[in-house]
Structures are given as structure tokens and as C-alpha cells.
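Chains as they are written, first to last, in this note's numbering: chain Y, 1 to 324; chain D, 1001 to 1324; chain E, 2001 to 2341; chain H, 3001 to 3341. For each residue, glycine too, the CB sits at the ideal point set by N, CA and C. To start, the structure itself, in C-alpha cells.
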Amino acid sequence: MPYLSYLRAINRALGDEMERDPAVFLMGEDVREALTNTTIGLLKRFGPERIIETPLSEQGFTDFATGAALAGLRPIVEYQIPFLLLLVFEQIANQANKVSLMSGGQARVPVTYLLPAAGWRPAWGAQHSDQPYPMFGHFGVKTVLPATPVDAYGLLVTAIRDDDPVVVFAPIAAHKVQENVVFADLAPVPLGVGRVHREGADVTVVAVGHCVHDALAVAQDMAEEISVEVFDPRTLYPFDWDGLAASLEKTGRLVVMDDSNRFCGLAAEVLATAAEEMRLVAPPRRVTRPDSAVLGCVPELDLPLQPDRGQLAVAIKEVLKGAR
Amino acid sequence: MPYLSYLRAINRALGDEMERDPAVFLMGEDVREALTNTTIGLLKRFGPERIIETPLSEQGFTDFATGAALAGLRPIVEYQIPFLLLLVFEQIANQANKVSLMSGGQARVPVTYLLPAAGWRPAWGAQHSDQPYPMFGHFGVKTVLPATPVDAYGLLVTAIRDDDPVVVFAPIAAHKVQENVVFADLAPVPLGVGRVHREGADVTVVAVGHCVHDALAVAQDMAEEISVEVFDPRTLYPFDWDGLAASLEKTGRLVVMDDSNRFCGLAAEVLATAAEEMRLVAPPRRVTRPDSAVLGCVPELDLPLQPDRGQLAVAIKEVLKGAR
Amino acid sequence: MMDEQAGAAEQAGAAGQPESLQEDLYRTIALIRRFEERSIELVRSGDIVSGIHPCIGQEAVAAGIGAALRRDDVMMANHRGHGHLLAKGTDPGRLFAEMMGRATGIAHGRGGSFHPSDLSVNVYGSTGTVGHGAPMAAGVAWALARSGTDRIAISIFGDGAVNQGALLESFNLASLWQVPAVFVCENNLYATTLPVQDAVAGSITGRAEAFGIPAASHDGMDPEVVLEATAGAVARARSGGGPSFLEFKTYRYEGHHTFELTAGLHYRDPEEVAQWRSRDPLELAGSRIPADRRKQIDEEVEIVIDTASRFALDSPRLDPAEGLDYLYSSGLRLRSGVSGG
Amino acid sequence: MMDEQAGAAEQAGAAGQPESLQEDLYRTIALIRRFEERSIELVRSGDIVSGIHPCIGQEAVAAGIGAALRRDDVMMANHRGHGHLLAKGTDPGRLFAEMMGRATGIAHGRGGSFHPSDLSVNVYGSTGTVGHGAPMAAGVAWALARSGTDRIAISIFGDGAVNQGALLESFNLASLWQVPAVFVCENNLYATTLPVQDAVAGSITGRAEAFGIPAASHDGMDPEVVLEATAGAVARARSGGGPSFLEFKTYRYEGHHTFELTAGLHYRDPEEVAQWRSRDPLELAGSRIPADRRKQIDEEVEIVIDTASRFALDSPRLDPAEGLDYLYSSGLRLRSGVSGG
Ligand SMILES: Cc1ncc(C[n+]2csc(CCOP(=O)(O)OP(=O)(O)O)c2C)c(N)n1
Ligand SMILES: Cc1ncc(C[n+]2csc(CCOP(=O)(O)OP(=O)(O)O)c2C)c(N)n1
Ligand SMILES: [Mg+2]
Ligand SMILES: [Mg+2]
């Protein structure tokens, strides 16, 4: 079976959907040269009418995509760097995502926002290292964060076909992930449906993006002593609460590993909802970046600020000790 | 004793600080005409060199303020509408707030961002009704949300004197609040220090902004049956965790009332931290807007989407019933 | 083009007899004028809760544009957009209902007065983010051209919008890709209380020219001037000639928003208002048609407005349980704000 | 002005003898060239983890600007900013150390190669958000003028930045308020892989002119041309004449970022690169001074670069415990990412 890498999966999903639906097109910076590797071969296949090279006018072309969507097309907008999603946050959260409501259902904006390089890149500095997904969830913009190539393919395909705006985050730290696949088996993955990567009975570890692989490694290491269930929501908003509840029914213990900042981050929402509505026999734990960490230019400073396997193992043990 | 209204308190704080420190100036839209009432009389007092009327170039003048701050001034930037803070989020969170770090402490950006009209205004529509403060906390931008005129005065003064960027949210629903004050007693309120508005033994209600007054009213109504402690963090980031822990040590029961969206909102962080680290004898509860609610143009549709006293009373009773 | 145009004329229920262009323009202006005057009454009576941004005084711009467009052309209006929609052919009753938040509103009350859209006449929206309708219109125009039609997109915005970065970025994109778009600036000399001379360095038309977009400034109080200028820009766009920019000098008689009825602001001189009122587009257009026709049109418009406002006032209110409808095209349901809810 | 200027000359350790303008410019260009070449070696060796955006080929712009500024003038540089800082007088050793993330770096390693700042020579920063240094510079300039000094602010950005809304907004603000700012566009024909002709409709200088800012385009490969043009704009700003805009046509010989050493992109023709290399500013400036002086300066520069890189390589690494230092001027401490931490 052939190997599928994470970015190849994205590239394949883009190609398949553009093939399937002539209304789909992609715009972004340096997409002709496929600087982020997502658009390799697509200019040749689909031409400059569907692979649109844009000037550095992120706000302008984000609104432009909204307009093209209003006119019936299905734009995919690529952003090179996480902070660019902050630069266009108003255009996505306050404009594109509110069109359906403001038009009373007359209009829809099926735009996919693709961030192929989310998170820290060694030494690229304070302005190139964020994971700005919680704010999209807070504003109700559909948001996915695939952990594997197969999910990256399936979630991106679904995002493109969805009639609402969807943001797709591809963590840099997951780019190295490869999977053995039968291409024919690649299929859409529904939004809002999580995935239990590993069954367990003692504790539920909710992990997103590249953290899923850390969680699986830790679960494996601890397999002797502890039975860890690894749950990947895959979609951040809407979140698969039923999937989480089912897991906690079994384990009653929760650890969330997430690479966004701690304060009002994704892990906060998971803990809050679990504490309100689900079975918890011990205090839950987060393993995240510090409250408002800014990763910078120096790996030896930045690595300790990112959630790692050691911290996760400690948190799991603490949660197992804990009781109410 | 004279009455001080909420907006008058802001107006007074601006005037006092501009009087005290010539480096302080204010810029924004329609500030000469004091459209939001915050700048009444200030143009006359301080002249057009310190009350700067700006074109509709929010990104430009937000960066402009960063530059003025780098050159030693203390800008106050006013935004008329909540969504304008989304439009400039990148300039505040990714630029101004990262200058101290990126310069290794060489430079500082003492800018105050003032939103005198946060939240819903009857029928002003989907794009004029948000409470975008959780995202600032997530990115570590200092954020305050005063509930009373005295706190509005004190927190705004502190924000202006602070050497880091600070966002000041003034909820529309709190504008009607008035207080009996001795002007001489008005003083700075430190960041990160909450306030117990009402002592109680059975349950801790954390409320922010105008919700504080709803919480106090409900606490009063329930006084016969239940002893409710009302805790107002006042600063959202950095949050007064010690104050919250002290209250929960007493009560062990928590309800959070907050007007931002539920998913990854402020209440999520409060519940998560309490669940992780503090004394909870029963499942906590949130009373917030729905996950990704968008308030719109029709009061009869929008009012039920905002946290109210009835919901709070029910949540308090549930939390008292609950046990672990 | 005229025969194809979908101005307010038909909508306004002309008794069917062929109407002259002048009569047509007068009818649209009268309809907008009376619609806005009635709206202000409905604000005063509390039926329109949001208040409105009245376009009284600016009707000639909407009327001229409406007469220059085909119904299948796309419009992005703005916050002062009632006139834009009416001129494009929106039903006055459903627009009143929209502003009152009634179930029969164009957008079921979800757009309100501030950002209405009416896809039945191809008004794709009115974003509340000043200036951002321009990049959206550029995207619409690009998509229309790509689909091989000769439809065009028009974006209408105020003088305050010309200093908004996204709008300036869109001029570059529109010119770079030669999209069939027409950008219209209604320069009414103020952005809320900010006089245009305190906001605009250089010139308004120069902003478009800098990006290679042909631009011109015209009198916005004369509907025929507006129509001619707009028709030219539309023809250029339709024939693949790319985008154009038009500035129309006009004036709003009322406050920025009806809150000014009580706010008591002093940013403009009553003299100035009086001067502009003396060039009233309603009078100008009225003076160009026979007195009897004018009287007849006035009566017809009065009936349209009465019928429309009654329709709206009699329309059912919305069911409070529907507050979260339409948020998602896919019909996603939200969790309530209270646990277990 | 020259006597007051704080170019790389002094920094570069000229033996003190009065240096001619040509020698001064050549020294700065040589210093930047060798600094960048050494930096690329340090990227290859893994000592500079981030990689860099080399400015090799564009040194004449930095050198000319540096010679036109006073030390107390303020500069906002950009991501391709090593040359800007060196020309402003930044110590090469501390800049190398910054890029290597060492404790002795200008910003204690927190700015790195991508957004360094050096307040000791009044480089207030280099934001990673392309184009946004312009509005910041406008704000700096406004504040400087307000404080009654004759200091000015300069913002340097690339051709890619001229389509960024915030930059265009800042042209309006700067012109409206007549701030003492100089806006410099280093047009090196590409924004990463995007050719300027595929990005810019209209013209680059026209963008500034549209807002009433005098603008001109000049050869950016000749340091004397750059110096003269910049000195004129600086003099205008200093004397209260308001902002100016300068476009310098230049070219980067290397890739956009050192990742191109391995990426293998094909967006430009080797012919084109060769052509521009034939107008090498180092050669041009070198040809204008006596051969022996050139040789002497080259040797001195070599010593400066060797000393500087050794200083950086010998500097202590940062303590991993300090990862959250400097986040707040007020010294606020953060909660760790793990409970109880
Ligand atoms: C980007 C943005 N800034 C500010 C506002 C608040 N606001 C709404 S309308 C308006 C004035 C707009 O003036 P103009 O564009 O001239 O249109 P006019 O109201 O004169 O028709 C302002 C400042 C907004 N909605 N969006
Ligand atoms: C607003 C913004 N958009 C995109 C990027 C990613 N990016 C960094 S540098 C660059 C190219 C800039 O080109 P130019 O302005 O011409 O400067 P040059 O690199 O040619 O010196 C891009 C696209 C960014 N940092 N900021
Ligand atoms: Mg106006
Ligand atoms: Mg360039």
C-alpha cells in the first residue's frame, strides 16, 4: 500500500474536489509555486483561472472570496502564516460567517479557509507561531484540525463541500505524519464526529492535531500500568460532545492535551463542559501552552512552552491519583 | 453625595489622566463630537492635538497608536463598535502586545484600547452585538470589564498608566448604572484583583460586567433560602485566581454568569480552572450566551439569547442540589 | 438597456402605461423619499427599534443607478441602503417588514435596516463593515465574468469608506483582474460627524486612478447625470472593459442616524443644509415632468407607501424560539447558554 | 548632516581618519554584503536556526538611507532588515548574536532575524506583518513632531507591502496630518515568488500620490542616488514639509529566504538575475574609490565580520527557564500550561 503524507493528503483533497466540482477554486499567496506544498501540480492541472495568485491583500481577498461564494463559487483561501487569520478574523467571523443569518437564509458562503502551517516553526519568531483556532470556535466558525493524513483528506473534502465557512488548520508538527492507505478508500469525514484512536478504561485523553500522536505514544508507554483512551474530536466546532460523554461514562477521568494557549483555549471548553455535564470522578487536567505564551526565536526557550509527552504522562498519573 | 454614571466615570478618568500626564492623548471616530459620550468636554479642555479625530482607518490608526507609544506617548484608542476590535485584532494581539517580547524588553507599548459600547444594542443587527473579550485573554492582552462607575474610573486610570497594551470593555448594559460617590475618593483599581460584591456561604457566583448587577439582584431575591457570594474578577486577564479560590474554599459551589458566547468563552476558563485546581463539591454551571450565538435585529429573538436572572436563579438551585 | 431595467417603477405599481425616463426617475425618487419619511415616523412610533440611516437628499443617486442596472446585475449596498434596494426593485412592504423585524421581511427580520439583502433582485448584501462591500463586489464580478455572463456587480459606499484598507485593496484586485465592477462613492460630505476634508488627503477619485481604474466625479443631485455616468460605467464593465469608479456629490438632509433626532450634534452648519435642500432632487426631477403626471405619481406612491407600511405593521412578529435559525446554511443547532439546555 | 550621520562607518571601526562619502558608502555596502554572506554560512552550519531573508544585491538602498539619516532619526525596518539595521549603526556582533538567539543579542534573542529592533540606534522594530511598519512610522513621526524635535521617522518596506490596506491607510493619515515621515519602497520586483507586475495595478508611486504625498522612483543600485533622494525627503520632513515616498528599484540576488537554497523554485529567470548582478552596488561603489582604499576597507570589514561572528558564537545561550521573560513590560508572570504548574 502506498504511503500518504499529511500535506500530500491535502494536495490530493484539493485536486479531487477541483476535479469533481468546477465551482471550486483556490486563491492565496505563492500558490502557483506551491510554496506550502498544498498546491503542487494544481496550476498545471487546472490553470490560472482556478489557482489564483494573490497580492498581499489578505483582507481584500478574503472579502473577495465571500463575494465569489455569494455568486455561487466555492473558494478555498490559503493563508501562509497563522497570524494572517488574525488579520482577516473580522472578515471571516463577523462577515462571511454571519451572511446566512443576516440574509435570513437567502444567501450562503461556502468558503474554505486553509492554514497549511499552524503553530510553531523553529525560530521563526513571535509572530509566526500561534495556534489561533479557539477564537474561531468561540465565534461559531466551523473549525477542523486533522491529526492524520486520512482525516486531513476527509475533513478538507467535507469542508469544501459544506455550505458554510469552514477553517481548516494543518499543524506543522503533524506534517511529518505518514499513513499507509488505499487511495480508493479515502472518503469524506463528517464534521462534528470525533474518533477514538485507542480504546481505554482508566482515563480519557482528549488530544487535537499533532498532540494526538503524542497521546498515542504516551498511552502505549503506559499500557502496562494504565489503560488510556485517546479521543480526537477532529472538529473543534461543532464539537462531538456525545463522543466525549461516552468516553467519560467509561473512564470518569479526563486529561486534555492541546497546543493552543491555556486561557480560554480549546482545553478550557472541554474541561468546562465535562465538569458541567459529564461523569468525572477526579479533577480533570489540561496540558497546553502557558496562559498567553508567545513562542519566539529560540528553540531551547520555545520547546518547554509546548505541551509534551512528559507533561501528559504526569497529568495522567495525577488524574488517576485524584478523587472527589 | 453626587451621582456618578458609568460613562461619566469614563469621561472623568480620561480627563483626569490627560490632565495629569501630557503624554496621554485620545484618538478615534467622532470623538470631537463625543458620539459615545466618553469625550464630552475634552476637545475644549485639551484641544485637537490631544483629541484626535480619525478617518475610518481602524487598522491604520491602531498601528499608528503603536508607533506613537513607541515614541513615548500614551495613546488611548476608542472604537465605536465591538466588531472593530475584530478588525484590528491582529494589530493589537500580534503586533502591539508582542513588542515588549520581540524587543527583549527594549520597547514598550502603553496603549489603552477603549470600547465604550460592548455587547448588544437593541436591533442594531448581527454585526453590532458581540462581546469579543475572551479572545484578548486567550492571546494574553490585558483586559478589563468594569461593572460599576467607580471600577470603570479606577480600572481605566490603571489601564492608561500601565506600560502594556490594555483593552477596556464598557458593556452597554452597564451604562445605566449610577453610584453615589465622593469624587475625591475615586482611585486607581489594580489589574488582576477581583472584588467580592456580596459575601455568601453556599455558592459562589462569578459575574462580569453588567451581569454583576443581575447576580446581586438574584442573590438578594434568594437571600432567604440561599447565601450567595458574588465575585467580580473585574480584570479578565490576568485573572484573580486567588480571589476565586478563596471564595470556593468557603462555598465549594460555582456558577459563572457571562455575556460572551459559551464555547471557549470566559466562563469556560473559570470552570476549567476551578475544576482543575479548586474546591468543588458539585458540578459547576455556566449562564452565558449560546455557543456561537449572534444577536440580531429583533429584541424578542435576542433577549432570550442573553444570560438573565431567571437562568441564573435556576443554575444556582441546580448547583446546590448537585453533589459529587 | 432601459427596457430591461428593473427600477422601482414597475414595483411602484405604475398603472402600466409606458412611462418616460423622467417620470420613471421621479417615481423612484418620490418612492424613496416617502419611504424614508414614513420610516422615520415608524422609528418615532417605536415600530422600527433600530432607528435608521435616512438617505433623504441622496435619492437621485439610487434612482440613477437603479435605472442603469439590469435586474440580474448584482448590487452590494451599504448601511444607508433603503434607497439602493428600492431602486433595485425591492418590495417596499417587505423592506418595511424587515426593518420592523417581522416574519414577512425580505430576510425574515435578520438583516434589519442596517444590513439588508434581497436576492430576489440581486442585492447580495449590505455589510456593516464600512467599505468591505467593495471587495465583495469585486469577487462577485470576477465570478460573474468567469461564468461567461455579461452581468456586472456594483458596490455603493460613502465617503467614509474610501479610507478603509480593504476597499483600497479591492481597487487593486479589481483592476489587476479587470473584473466587471462599478464602484460608486456617495460623497455626502460627512462620515457620521467627520467632514470629508478632515478625512481625505489627496482626492477620492485619485484613490481609484492610482490603481488604474478610470474615475470621475459627478453631481449626485441630478438623477439624469447619475444615470448617464452609471450607464457608461456599466456598459464598460459589461463589454469586458473592466472596473470603473464614480463619485457622486450629494448630501443627506437628516442626521447620520435617527439618534441625531435627540442627540443634538453640531458638526454642520444649518446654512449648509439649507443650501443643499435648495437643490432637492425631488424638485429637480419633478420639474422635468408634466404637473399632472407628477401629481398622479405622487398619489400612486402614497398608495404604495400606505399599503406597504400597513402590510408590514399587520405582519406577524417572529417566534422567540426561532432566535437561532438561519445561523448556518447547513442547519447546525447550537448548545444553549445554560448547561443541560 | 553628514557629520551627524550614524552610518555603519564608525561602527565598522574605521581607523578614525576622515573618510570620503564614497568610501563611507562603500564600507557600509561591503559590511552588509559580508554580513549577509557570513549569515548564510551560519544558516548552513545550523547556528542560525530561522534561516534569513538575505538582502544581498539591495545593499545600496540601506547604505544610502543610512547615510541620509541622523542617529536620532527613527527607523522601522522589515523582515529583510539586516542591512537596514547595520546601516543605521547596529553592532554586527550583537545582530549576529540576535539571529543566533544568544543572550548578547540586541533583543536578547527575542526578535531574531525576522523582526529585530535596536533602540540604541533608534530602530524601533521590524514587524512581521508586511506593510504595517508604515502606519507605525507615521505614528512615531507624529509623536516626534508633537514633541517639538526635528527628528523624523522612516519606514522601509518591499513592493509586496504596497497592496496591504493598513499601509495605504497610513499614507492618508501621514498626509492628512503632515507628519515628518519618509516611506521607502524597496522594489526588488518580487514578493516571495510573486512578480510585481502580477501584483500591482496602476503604479507604486501613484499609490502615495493619490493621498497627496510627493513620490518618485529611483535607481536603487546606486548608493549615491539613494542618498541624494533620501536626503531630500528627509530634509523636507525635518523642515515641516510633511511626508514623502521613495521607490528604489533594486534586486535580491539570493532567494526570498534561505529555504530557497533547497526549495528549488522557478519563479525567475537566471538571465534576469545575471543581468542585475552585472549592476552590483558593491562593484559600483568600489569603482568610485581608490583601489588601495577599497582593499583597506575590505580588510577592515573582514576583521569586523570575523570579530562579530566570533563574538556571537562565543556568547552564552539562553536559559530555558527564561522563556516567558519580557512578555510584559510590567513583568506579569504567566500560569504554566499544566495545572498546578
Ligand atoms: C469599518 C467601520 N468603521 C466604523 C464604523 C461605524 N460607522 C458606521 S457608518 C459610519 C459613517 C460612514 O460614513 P460614510 O461612509 O460617508 O457613509 P454615510 O453614512 O455618510 O452614508 C461609521 C463611522 C463601521 N460600521 N465600520
Ligand atoms: C501581511 C502579510 N502577508 C504575508 C506575509 C508572508 N510574507 C512574508 S515576506 C513576504 C513577501 C514580501 O515581499 P516584499 O514586500 O516585496 O518584500 P521582499 O521580501 O521582496 O523584500 C510574504 C508574502 C506576511 N508576513 N505578512
Ligand atoms: Mg458620508
Ligand atoms: Mg519584493
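(request) Consider the C-beta atom of H/Tyr3190 and the heavy atoms of ligand 4; say whether any pair is separated by less than 6 Å. (result) Position 190 of the fourth sequence, counted from the first residue, corresponds to residue 3190 of chain H. Flag set: Cβ of H/Tyr3190 near ligand 4.
(message) Checking 7 Å against the spacing of the C-beta atoms, do Y/Phe89 and D/Phe1061 come in under that value?
(response) As a first step, residue 89 of chain Y must be located in the first sequence, where it is residue number 89. As a first step, residue 1061 of chain D must be located in the second sequence, where it is residue number 61. No, Cβ-Cβ distance for Y/Phe89 and D/Phe1061 is not below 7 Å.
(request) Say whether chain E places a C-beta atom closer than 7 Å to the C-beta of H/Asn3163. (result) Sequence index remark: in the fourth sequence, residue 3163 of chain H carries index 163 (1-based). Chain E contact via Cβ: present.
(request) Report the rounded CA-to-CA distance for Y/Ala65 versus Y/Val111, giving the unit in angstroms. (result) As a position in the first sequence, residue 65 of chain Y is number 65, starting the count at 1. As a position in the first sequence, residue 111 of chain Y is number 111, starting the count at 1. The alpha-carbon atoms of Y/Ala65 and Y/Val111 are separated by roughly 7 Å.
(request) In the DSSP assignment, find the unbroken alpha helix (DSSP H) run with E/Ala2067 in it and report its ends. (result) The count along the third sequence starts at 1 and reaches residue 2067 of chain E at position 67. Its alpha helix (DSSP H) spans residues 2059-2068.
(message) For D/Lys1317, report the span of its beta strand (DSSP E) as first-last.
(response) As a position in the second sequence, residue 1317 of chain D is number 317, starting the count at 1. Looking at the DSSP string, D/Lys1317 is not in any beta strand (DSSP E); the run it does join, the alpha helix (DSSP H), is 1309-1321.
(request) Starting from the N-terminal side, write out each stretch of the alpha helix (DSSP H) that is 4 residues or longer and does not extend beyond the region 1141-1177 of chain D. (result) 1149-1161
(message) Nearest by alpha-carbon distance to Y/Glu318: which of Y/Ala282, Y/Thr143, Y/Arg108 is it?
(response) Locating residue 318 of chain Y in the first sequence gives position 318, where the first residue counts as 1. It is Y/Ala282.
(request) Reducing DSSP to helix, strand and coil, say where E/Cys2055 ends up. (result) What you label residue 2055 of chain E is simply residue 55 of the third sequence in a count that begins at 1. Coil, per DSSP.
(message) Give me the chain H residues within the contact set of D/Ala1068, using Cβ-Cβ distance strictly less than 8 Å, ordered along the chain.
(response) Sequence index remark: in the second sequence, residue 1068 of chain D carries index 68 (1-based). By Cβ distance, chain H contributes Gly3139, Val3140, Trp3142, Ala3143.
(request) Compare the C-alpha of D/Pro1290 against each of D/Val1150, D/Leu1101, D/Asp1302 and name the closest. (result) Mapped onto the second sequence, residue 1290 of chain D falls at position 290. Out of D/Val1150, D/Leu1101, D/Asp1302, D/Asp1302 has the C-alpha closest to the C-alpha of D/Pro1290.
(request) Please report how far the alpha carbon of H/Met3002 lies from the alpha carbon of D/Val1193, in whole angstroms. (result) Within the fourth sequence, residue 3002 of chain H is the residue found at index 2, counting from 1. Within the second sequence, residue 1193 of chain D is the residue found at index 193, counting from 1. Caution applies to H/Met3002, whose pLDDT of 37 falls short of 50 and renders its modelled position unreliable; the model cannot decide the point.
(message) For a contact defined as C-beta to C-beta under 7 Å, what are the partners of Y/Glu269 on chain D?
(response) Numbered from 1 along the first sequence, position 269 holds the residue referred to as residue 269 of chain Y. Chain D residues near Y/Glu269: Phe1263, Cys1264, Ala1268.
(request) Step through the CB atoms of chain E and report whether any lies within less than 7 Å of the CB of D/Pro1082. (result) For the purposes of this step, residue 1082 of chain D is taken as the residue at position 82 of the second sequence. D/Pro1082 does not count as touching chain E.
(request) Have a look at H/Tyr3124 and D/Ser1100 and give me their C-alpha separation to the nearest angstrom. (result) Counted from its first residue, the fourth sequence places residue 3124 of chain H at position 124. Counted from its first residue, the second sequence places residue 1100 of chain D at position 100. The alpha-carbon atoms of H/Tyr3124 and D/Ser1100 are separated by roughly 11 Å.
(message) Given the structure, does E/Val2130 come close to ligand 1, in the sense that its CB is under 6 Å from one of the ligand's heavy atoms?
(response) Indexing the third sequence from 1 puts residue 2130 of chain E at position 130. Result yes, Cβ under 6 Å from ligand 1.
(request) Starting from the Cα of Y/Leu56, find the closest Cα among Y/Leu42, Y/Ala23, Y/Tyr79 and give me that residue. (result) On the first sequence, position 56 is the one that residue 56 of chain Y refers to. Here the closest residue by C-alpha is Y/Tyr79.
(message) ligand 3 and E/Gly2083: does the residue's C-beta get closer than 6 Å to at least one heavy atom of that ligand?
(response) As a working mapping, residue 2083 of chain E is identified with position 83 in the third sequence. Checking the Cβ of E/Gly2083 against ligand 3 gives no.
(request) Pull up the distance between the alpha-carbon of E/Ile2048 and that of E/Ala2308, whole angstroms please. (result) Numbered from its first residue, the third sequence carries residue 2048 of chain E at position 48. Numbered from its first residue, the third sequence carries residue 2308 of chain E at position 308. Roughly 14 Å between the two C-alpha positions.
(request) Report yes if the C-beta distance between E/Val2061 and E/Glu2186 is below 7 Å; otherwise report no. (result) For the purposes of this step, residue 2061 of chain E is identified with residue 61 of the third sequence, where counting begins at 1. For the purposes of this step, residue 2186 of chain E is identified with residue 186 of the third sequence, where counting begins at 1. Their beta carbons are under 7 Å apart, which means E/Val2061 touches E/Glu2186 by this criterion.
(message) Within 7 Å of any Cβ in chain E, is that where the Cβ of Y/Val73 sits?
(response) As a working note, residue 73 of chain Y is residue 73 in the first sequence. A small fix is needed here, since residue 73 of chain Y is Leu in this sequence, not Val. Yes, Y/Leu73 counts as interfacial toward chain E.
(message) Considering only their Cβ atoms, is the gap separating E/Phe2248 from E/Ala2208 smaller than 7 Å?
(response) Looking up residue 2208 of chain E in the third sequence gives position 208. Looking up residue 2248 of chain E in the third sequence gives position 248. Not in contact: E/Ala2208 and E/Phe2248 (Cβ atoms no closer than 7 Å).
(request) Classify Y/Phe46 as helix, strand or coil using the three-state DSSP reduction. (result) As a first step, residue 46 of chain Y is located in the first sequence; it is residue number 46 there, counting from the start. Helix.
(request) Check distances from the C-beta atoms of the region 2037-2061 of chain E to those of chain Y and list, in chain order, the residues that come in under 8 Å. (result) none
(request) Locate the alpha helix (DSSP H) running through Y/Asn11, then write down its first and last residues. (result) The residue given as residue 11 of chain Y occupies position 11 in the first sequence. Looking at the DSSP string, the run of the alpha helix (DSSP H) that includes Y/Asn11 is 6-20.
(message) Can you pull the chain D neighbours of Y/Asp291, defined as C-beta to C-beta under 7 Å?
(response) To locate residue 291 of chain Y, count along the first sequence from 1; it is residue 291. Per Cβ cutoff of 7 Å: Gly1140.
(message) I want to check one thing, is the minimum distance from the CB of E/Gly2160 to the heavy atoms of ligand 3 below 6 Å?
(response) Taking the first residue of the third sequence as position 1, residue 2160 of chain E is located at position 160. Result yes, Cβ under 6 Å from ligand 3.
(request) Could you round the C-beta distance between E/Thr2129 and D/Gln1127 to whole angstroms and report it? I think they count as a contact, below 8 Å. (result) To locate residue 2129 of chain E, count along the third sequence from 1; it is residue 129. To locate residue 1127 of chain D, count along the second sequence from 1; it is residue 127. With a Cβ gap of about 7 Å, E/Thr2129 and D/Gln1127 count as contacting.
(request) Kindly indicate the opening and closing residues of the alpha helix (DSSP H) around H/Ser3170. (result) If you number the fourth sequence from 1, residue 3170 of chain H lands on position 170. Run containing H/Ser3170: 3165-3176, per the alpha helix (DSSP H) assignment.
(request) To the nearest angstrom, report how far apart H/Asp3222 and H/Ala3285 are at their CA atoms. (result) Here residue 3222 of chain H refers to the residue found at position 222 when the fourth sequence is read from its first residue. Here residue 3285 of chain H refers to the residue found at position 285 when the fourth sequence is read from its first residue. Each residue's Cα considered, the two are about 8 Å apart.
(message) According to DSSP, is E/Val2074 part of a helix, a strand, or is it coil?
(response) Walking along the third sequence from the start, residue 2074 of chain E turns up at place 74. Correct three-state label for E/Val2074: strand.
(message) Once the 5 residues before and after E/Gly2111 are set aside, which same chain residues still bring their CB inside 7 Å of it?
(response) For this step, residue 2111 of chain E is matched to residue 111 along the third sequence. Correct list, in chain order: Glu2098, Ser2117.
(request) Give the interface partners of E/Pro2092 over in chain Y, defined as CB-CB distance under 7 Å, in chain order. (result) Within the third sequence, the letter at position 92 stands for residue 2092 of chain E. Those within 7 Å of E/Pro2092 in chain Y number zero; the least Cβ separation is about 17 Å.
(request) Identify the continuous beta strand (DSSP E) that holds Y/Arg285 and give its terminal residues. (result) Numbered from its first residue, the first sequence carries residue 285 of chain Y at position 285. Note, Y/Arg285: beta strand (DSSP E), 285-289.
(request) Identify the continuous alpha helix (DSSP H) that holds H/His3132 and give its terminal residues. (result) Here the question's residue 3132 of chain H lines up with position 132 in the fourth sequence. First-last for H/His3132: undefined, no H or E at that position.
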